[in-house]
Amino acid sequence: MQIDPATLSAKDSYLLMTACVVPRPVGWASTLGADGVPNLAPFSYFGGVSSSPMTVMLSVGRRAGRPKDTAANLLATKEAVLHIPTRALAAAMVATSADAGPDIDEFALAGLTPLPSVSVRPPRVAEAAIAMEAVLRHHLEVGDGPVDMFLLEVVRLHLDDDVLVDGRPDPARLAAVGRLGGRSYCDTTAPFEIPRPD
Ligand SMILES: Cc1cc2nc3c(=O)[nH]c(=O)nc-3n(C[C@H](O)[C@H](O)[C@H](O)COP(=O)(O)O)c2cc1C
2 MQIDPATLSA KDSYLLMTAC VVPRPVGWAS TLGADGVPNL APFSYFGGVS SSPMTVMLSV
62 GRRAGRPKDT AANLLATKEA VLHIPTRALA AAMVATSADA GPDIDEFALA GLTPLPSVSV
122 RPPRVAEAAI AMEAVLRHHL EVGDGPVDMF LLEVVRLHLD DDVLVDGRPD PARLAAVGRL
182 GGRSYCDTTA PFEIPRPD
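2 is the number of the first residue of the sequence shown in my numbering; add one for each residue after it.
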């Protein structure tokens, strides 16, 4: 079948887009409000953009036309820590997606331990195997929502030694979570290899 996305409702567009672009890595974002309240929430409109300098993209939808807490915090304080959720932390990651209000600390809500970061003010999740401290470089409003799209430069990486092979995360050890459509997820515990052509 063929579909012209312009004929779809916003909801059907979302359902189709998120069923086609799979698996999506999840950027689990720690930010601080202007008042200093920590915030933690997952976003699967997330990805790598550049390696030099290391830059990632995070796209945050609006809630009833207003920026979500993560977007408001990024606009106010320009810093975040992006974690890569792993299988063992998947349920806690989803728990932090609750619409909890800016005064609620999702670290406490999900039983996670905040640790001070080194180069930015938002805390990082002690239990996470990969945490990337990042600074906001660009903000774009994209689409009809619009969504708030952020490009963030990674200024410090924290890597759990247990997931490393030769100094870099090994996918099977890491068991990073990918988001599929709806409530479905996958992980990276069954990678396969294909040699590149010369
Ligand atoms: C795995 C997962 C991925 C998500 N991805 C997105 C996303 O890409 N964009 C978005 O706006 N919301 C996404 N959400 C929903 C947000 O996490 C949710 O709206 C959350 O309450 C936002 O928190 P905040 O208001 O503290 O920023 C996702 C939720 C889950 C569980």
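Note that the Cβ used here is the ideal one computed from N, Cα and C, for glycine as well.
Helix, strand or coil at residue 150 according to DSSP, with G and I counted as helix: For residue 150, the secondary structure class from DSSP, reduced to helix, strand or coil, is strand.
Quick one, which of 54, 64, 145 has its alpha-carbon nearest residue 102's? The residue from 54, 64, 145 with its alpha-carbon nearest to that of residue 102 is 64.
Simplified DSSP assignment, three categories, for residue 193: In the structure shown, the three-state DSSP call for residue 193 is coil.
Chain D contact for residue 56 (CB, 8 Å cutoff): Any reference to chain D falls outside this structure, which holds one protein chain only.
Taking C-alpha atoms, which residue in 29, 33, 193, 175 lies nearest to residue 105? Restricting attention to 29, 33, 193, 175, the CA atom closest to the CA of residue 105 is found in 33.
Using 8 Å as the threshold, is the C-beta distance between residue 42 and residue 71 below it? Remark: C-beta atoms of residue 42 and residue 71 approach each other more closely than 8 Å.
Using the three-state DSSP reduction, which class does residue 175 fall into: helix, strand or coil? The answer is helix: DSSP assigns residue 175 an H, G or I state.
When you compare only the Cα positions, how much space is there between residue 144 and residue 190? The straight-line gap from Cα to Cα measures roughly 35 Å.
Need the endpoints of the beta strand (DSSP E) that residue 143 sits in, please. 131-143 is the span of the beta strand (DSSP E), which, as asked, contains residue 143.
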